[in-house]
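Okay, so here's the structure we're looking at.
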Amino acid sequence: MDNEIRKKVMLSGIQPSGDLHLGNYLGAVKNWGERADEFDCYYFMADLHTLTVRQNPAELRRRTLEQLAQYIACGLEPEKNTLFVQSHVHEHAELGWILNCYTMFGELSRMTQFKDKSAKNADNINGGLFTYPSLMAADILLYQADFVPVGEDQRQHCELTRDVAIRFNNIYGDVFRVPEPYIPKAGARVMGLGNPVSKMSKSDPNGCVFLMEKPEDIARKFKRAVTDSDTEHCVRYDREAKPGVANLMNIYSAVTGKTFEEIEKEFDGCGYGVFKPAVGDAVIETLRPIREEASRLLADKAYLQQVYTDGAEKASHIARKTLRKVYKKVGLVEKPF
Ligand code: TRP
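Residue numbers for the sequence shown, in the working numbering: 392 to 728.
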């Protein structure tokens, strides 16, 4: 496409290693959907990355398709966004290999996610876990992405992607666009309901609200949400002193569009016993149409298949061009077919 009319490219992926939750929705997918007119958007299920930790094959397949249905139900319209499965575009693995040869052992050794995951999976510290960031760099650089919306935990991988892109460009000329991470402000992050100082995560299922969860389970989790042990017992926004209440206000604000001031007024004089179920109800009503739409889509396998087929075709078209250029630059003989 002509450079002048080229829309900026936005790209991100989520590993189908667990079911999508409220943090994924409010912190990521919901905002992605709002960018579709402004940017050329690519979103994928990072299934190859998921293999770095041992998976149950049937579940991985199920979650990958569910994630696609949930992306769509959360507002990522397939007509406006390129939605695909990472493993369907073989250029990811191929560029991943090349970039492995331009990523240093020392750099990979410094990645905190590698250190964390190695500690958690001490019996399976495999090569893929170690070289994960080179594959992620390939995901991003294949599409000449300008912006990569990710959580704070992926900042280090994005920085490494930039370093690798710059290193490669310094040797071979302008091959890759150097991407910028697009990280939401700390206040926009959804924290766990059981532990409001760490981000909502499937590894703490009691503090985590899944998109497909039943309303009564969501209600129960909000009723049990940890609030703060301060004595004033009022709904007031103070992230330092009252992280539990601040998190619930954050969630309530995100799903209702109300400001913190409006929320403080609304619950003036009410205790947490009124506030917590109200947040739960608001979340239930926000997730209800998403859950229903995702279930409807999941029953229509042919439609989902059409979406990921179209997505893989569009993605391959771009990925192929970048990979061809890279192969040529590094000195591989051009493929005869
Ligand atoms: N590593 C990301 C995570 O665990 C997922 C991911 C893989 C990704 N490839 C990506 C995110 C490319 C953004 C861009 O959350």
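We put the CB at the ideal spot given by N, CA and C, even for glycine.
Query: Taking only heavy atoms of the ligand TRP into account, decide whether any of them is closer than 7 angstroms to the Cβ of Ser525.; Result: no
Query: Going by DSSP, name the residue or residues bridged to Phe475.; Result: Phe435
Query: Can you check whether the CB of Ile405 is closer than 8 angstroms to the CB of Gln458?; Result: yes
Query: If you drop the 5 nearest sequence neighbours on each side, which residues of the same chain put their C-beta closer than 7 angstroms to that of Leu490?; Result: Ser525, Ala528, Ala529 and Val555
Query: My assumption, with CB atoms under 8 angstroms, is that His440 sits in contact with Met591. Please give the rounded CB distance.; Result: About 20 angstroms separates the two Cβ atoms, so there is no contact after all.
Query: Quick check: the Cα distance between Val721 and Tyr563, rounded to an integer number of angstroms?; Result: 8 angstroms
Query: May I ask you to report which of helix, strand or coil DSSP gives Pro540?; Result: strand
Query: Shortest alpha-carbon distance to Gly409 belongs to which of Leu451, Lys506, Cys625 and Thr713?; Result: Leu451
Query: Within 10 angstroms of its Cβ, does Lys612 collect 16 or more other Cβ (buried), or is it exposed?; Result: buried
Query: What do you get for Ile333, buried or exposed, if any count of 16 or more other CB atoms within 10 angstroms of its CB means buried?; Result: This structure cannot settle anything about residue 333, because the visible part of the chain is limited to 392 through 728.
Query: Between which two residues does the alpha helix (DSSP H) containing Met527 stretch?; Result: Gly518 to Leu532
Query: What residue range is occupied by the uninterrupted beta strand (DSSP E) comprising Gly722?; Result: Neither: Gly722 is in no beta strand (DSSP E) and is coded neither H nor E.
Query: Report the CB separation of Asp619 from Gly598 in whole angstroms; it is logged as a contact under 8 angstroms.; Result: With a Cβ gap of about 15 angstroms, Asp619 and Gly598 do not count as contacting.
Query: With a cut-off of 8 angstroms, do at least 3 Cβ pairs link the region 422-429 to the region 507-515?; Result: no
Query: Count the CB pairs spanning the region 544-553 and the region 698-714 that are closer than 8 angstroms, and state whether there are at least three.; Result: no
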